[in-house]
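K.L.:
Just passing along the structure, written as structure tokens.
Protein chains: 2
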Amino acid sequence: MERKTGNECTADQQLPALGIGPYLELMDKTTAQDADRKSIRMGLVMLWLSDNILDVMDVDLAPFGITESKLDMLLLLMLHEGRELITPSGIADRLGIRRASVTALLDWLEKRGWVSREQSAKDRRMIHVSITPEGRALVNQVLPTFWSTCGSLLDDLDTEERKVFEKILSKLHQSIEKKVGVGR
Amino acid sequence: MERKTGNECTADQQLPALGIGPYLELMDKTTAQDADRKSIRMGLVMLWLSDNILDVMDVDLAPFGITESKLDMLLLLMLHEGRELITPSGIADRLGIRRASVTALLDWLEKRGWVSREQSAKDRRMIHVSITPEGRALVNQVLPTFWSTCGSLLDDLDTEERKVFEKILSKLHQSIEKKVGVGR
DNA sequence: TCCTAATAGTTAGATTATCTAACTATGACT
DNA sequence: AGTCATAGTTAGATAATCTAACTATTAGGA
Chain C
-11 MERKTGNECT ADQQLPALGI GPYLELMDKT TAQDADRKSI RMGLVMLWLS DNILDVMDVD
49 LAPFGITESK LDMLLLLMLH EGRELITPSG IADRLGIRRA SVTALLDWLE KRGWVSREQS
109 AKDRRMIHVS ITPEGRALVN QVLPTFWSTC GSLLDDLDTE ERKVFEKILS KLHQSIEKKV
169 GVGR
Chain E
-11 MERKTGNECT ADQQLPALGI GPYLELMDKT TAQDADRKSI RMGLVMLWLS DNILDVMDVD
49 LAPFGITESK LDMLLLLMLH EGRELITPSG IADRLGIRRA SVTALLDWLE KRGWVSREQS
109 AKDRRMIHVS ITPEGRALVN QVLPTFWSTC GSLLDDLDTE ERKVFEKILS KLHQSIEKKV
169 GVGR
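Top line first, the protein sequences correspond to chains C and E. For the first sequence, counting from 1, position 72 maps to 60 in the working numbering; every step adds exactly one. For the second sequence, counting from 1, position 32 maps to 20 in the working numbering; every step adds exactly one.
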């Protein structure tokens, strides 16, 4: 988690947070093959963007008292309403985290009355998790902001750019999925 | 921090980690204006990418026993060699984190002999931080991987796509910088 | 049927990266 | 000299993870 509220800045702290500039500089000193430079440079920008996109979302969600991980959990539960019952194990699998982590997240959400646990009648080891009406209300309150933050990421691209970017994004998506997907 | 080593998976856990599919579905149910859909959809992909790009970097750096935050610190110190002396406060400003956080990071790095602290003679409140030869050696060992991971993010894009993407990236960069930059 | 295996969930304890608030020197300015 | 600001640290918190060990409970084979 990282929040950048509060502000300790004083007069002489004009320096901006470390951008990518310095890294590019270092790269030029460090990298041999000139051909790669451009890709690396773009990769660096992507890395920087990644950090900051998540930040922006964090900041936008903060007023609702919820974080992305927790919203993810609620959305997952919401998507499952009316389908098969869902258990902590199932949640862990779908979110790609450990059962123990799910327990912690559920504890937090349950304490606020946004989810509820109910023991399964058939298999008493299992627990059925569901989102409560209050949880659903929260999600409905948060979603407009969530979508609008998503959409606003592309604010400065024109129609033509969006069109190309769409294709590029889907390639990147596949590409990263390959890198990350196998092991889990 | 999030590492995805270890593997608890068993036979029936075929379900992939929650992708973006479900969110798109939810969006379709939730969003009114059809015009926005495409942007939101792309924003969602960007959000997903962000998470996973950082993951990939984490995983690639892990073998070196260092994380991105810590590498960032070392790179910053390396860039400052031979220039003005740098202090924890300065580091905090440039990395966009609190002085207290810098203290923690420095403690960790110092314990491993990768950075050193030295009291300033002129102003005894200040401390000059520098990277040690060992720290420099580590960075030099890590950098090839770092660059190659950056570069590999674009692996699947062809020359034409890279060209357009470059421009798009710089727009996105500016755009996010606007959103995030003012407050700090 | 009984025993061993596996499975579900939780607990305990750790790590990473942050934060705020309070504290200790030290320096600067009136 | 006295007050105020600055530098760094400490203490204590939170979020999101993890692993390992533990407790029920079920399932499957001998």
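The C-beta atom is built at its ideal place from N, Cα and C for all residues, glycine as well. This structure is a prediction, so every number in the text was calculated from the model and none was measured.
Does any CB atom of chain E fall closer than 9 angstroms to the CB of methionine 45 of chain C?
P.N.:
With 9 angstroms as the cut-off, methionine 45 of chain C counts as an interface residue toward chain E.
K.L.:
Have a look at the DSSP bridge pairing and note the partners of valine 117 of chain E.
P.N.:
E:Ile74 and E:Arg105
K.L.:
Can you tell which of E:Ile41, E:Gly31 and E:Val44 has its C-alpha closest to the C-alpha of valine 44 of chain C?
P.N.:
E:Gly31
K.L.:
I need the straight-line Cα distance from tryptophan 96 of chain C to glutamine 129 of chain C, nearest angstrom please.
P.N.:
Spanning the two alpha carbons is a distance of roughly 19 angstroms.
K.L.:
Does the beta-carbon distance from proline 76 of chain E to valine 127 of chain E come in below 9 angstroms?
P.N.:
Cβ distance not < 9 angstroms, so proline 76 of chain E and valine 127 of chain E don't count as in contact.
K.L.:
Quick check on the burial criterion: 16 or more other C-beta atoms within 10 angstroms. Buried or exposed for serine 158 of chain E?
P.N.:
exposed
K.L.:
Of the residues that make up the segment 84 to 104 of chain E, which ones have a beta carbon closer than 9 angstroms to any beta carbon in chain C?
P.N.:
Gly84, Ile85, Arg86 and Arg87
K.L.:
Along the chain, where does the alpha helix (DSSP H) that runs through glutamate 98 of chain C open and close?
P.N.:
87 to 99
K.L.:
Less than 9 angstroms between the C-beta atoms of leucine 37 of chain E and serine 136 of chain C, yes or no?
P.N.:
no
K.L.:
Roughly how many angstroms separate the alpha carbons of cysteine 138 of chain E and lysine 58 of chain E, rounded to a whole number?
P.N.:
17 angstroms
K.L.:
Three-state secondary structure (DSSP) at isoleucine 164 of chain C?
P.N.:
helix
K.L.:
Compute the beta-carbon to beta-carbon distance between leucine 145 of chain E and phenylalanine 153 of chain E, rounded to the nearest angstrom, for a pair I have assumed lies under 8 angstroms.
P.N.:
Between phenylalanine 153 of chain E and leucine 145 of chain E the Cβ distance is about 6 angstroms, and since that is below 8 angstroms, they are a contact.
K.L.:
DSSP three-state call for threonine 147 of chain E: helix, strand or coil?
P.N.:
helix
K.L.:
Is there a Cβ from chain E that is less than 9 angstroms from the Cβ of phenylalanine 52 of chain C?
P.N.:
no
K.L.:
Quick check: what's the CA-CA separation for valine 168 of chain E versus threonine 91 of chain E?
P.N.:
Approximately 24 angstroms between the Cα atoms of the pair.
K.L.:
Can you tell me which of the three DSSP states leucine 49 of chain C falls into?
P.N.:
helix
K.L.:
Along the chain, where does the alpha helix (DSSP H) containing aspartate 60 of chain C start, and where does it finish?
P.N.:
56 to 68
K.L.:
Tell me the rounded alpha-carbon separation between phenylalanine 52 of chain E and leucine 93 of chain E.
P.N.:
17 angstroms
K.L.:
Have a look at arginine 86 of chain C and leucine 67 of chain E and give me their C-alpha separation to the nearest angstrom.
P.N.:
39 angstroms
K.L.:
Say whether chain E places a C-beta atom closer than 9 angstroms to the C-beta of glutamate 122 of chain C.
P.N.:
no
K.L.:
Please return the same chain residues whose Cβ sits closer than 8 angstroms to the Cβ of alanine 80 of chain C, not counting the five positions on each side in sequence.
P.N.:
Arg86, Arg87, Ser89 and Val90
K.L.:
Residues of chain E with a CB under 7 angstroms from the CB of leucine 142 of chain C: which are they?
P.N.:
Here the neighbours are Ser27, Met30 and Gly31.
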